[in-house]
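Undergrad: Below you'll find the structure I mean.
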Amino acid sequence: MTESNATWRKHPDLWLPDGNVVLVCQDIGYRVNESVLRLHSPVFNDLFLVASKDAEGSKILFMNDDAEDMYHFLKAMYLRYYGRMKSEPPFPLIASLLRMATKYMFAESARR
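With our numbering, letter number 35 in the sequence shown gets 36, and the count goes up by one each step, no holes.
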């Protein structure tokens, strides 16, 4: 997690009006719900302890993750059907979800 002075833009789909935490990956910010991340990932529990606040009072974390990986990870958390298409999901999507689930211990949390 490294803080960046570079500008970033709000993601058009994952900038939730009721979100209270911002995750910045590369040049994209995602505003989502802290409680959802805490529920699914013990790693986020620890990360929120060191988060700073943005101008709007939301916690903000500058992440080292690929923005597309974070997008898929968050979509899978919020949309249970995400990635479950009529045909096989594409390999890059599966690889992205596996990378993020492993890093943030998503599977371990789901087994509880």
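All residues carry an ideal CB built from backbone N, CA and C; glycine is no exception.
Nothing here was measured: the structure is a model prediction, and the numbers come from that model.
Can you tell me the Cα-Cα spacing of Asn65 and Gln27, whole angstroms?
TA: Position 64 of the sequence shown, counted from the first residue, corresponds to residue 65. Position 26 of the sequence shown, counted from the first residue, corresponds to residue 27. Using only the alpha carbons, I get a separation of about 7 Å.
Undergrad: Since I believe Val33 is in contact with Trp134 (beta carbons under 8 Å), could you give me their beta-carbon distance rounded to a whole number of angstroms?
TA: Any answer about residue 134 is impossible in this case: the structure gives the chain only from 2 up to 113.
Undergrad: Given that a residue counts as buried once 16 or more other Cβ atoms are within 10 Å of its Cβ, and exposed if not, what is Ser1?
TA: Any question about residue 1 goes unanswered here, given that the chain covers just 2 to 113.
Undergrad: Please classify Phe92 as buried or exposed, where buried requires at least 16 other C-beta atoms within 10 Å of its C-beta.
TA: By one-based count along the sequence shown, residue 92 stands at place 91. Exposed: under 16 other Cβ atoms inside 10 Å.
Undergrad: Could you tell me which of Arg100, Ala102, Gly20, Tyr72 sits nearest to Gly58, measuring between CA atoms?
TA: Taking the sequence shown and counting its residues from 1, the one referred to as residue 58 is at position 57. It is Gly20 whose Cα lies nearest to the Cα of Gly58.
Undergrad: Exposed or buried, which one is Ala77 when buried takes at least 16 other CB atoms within 10 Å?
TA: As a working note, residue 77 is residue 76 in the sequence shown. Result: buried.
Undergrad: Kindly list the residues whose CB is nearer than 6 Å to the CB of Pro13, restricted to its own chain and excluding five residues on each side of it in sequence; keep chain order.
TA: If you number the sequence shown from 1, residue 13 lands on position 12. Closer than 6 Å at the Cβ level, and outside the excluded window around Pro13, lies no residue.
Undergrad: Are the beta-carbon atoms belonging to Val22 and Leu40 less than 8 Å from one another?
TA: Translated into the one-based positions of the sequence shown, residue 22 becomes position 21. Translated into the one-based positions of the sequence shown, residue 40 becomes position 39. Against a cut-off of 8 Å, the Cβ pair of Leu40 and Val22 comes out as no contact.
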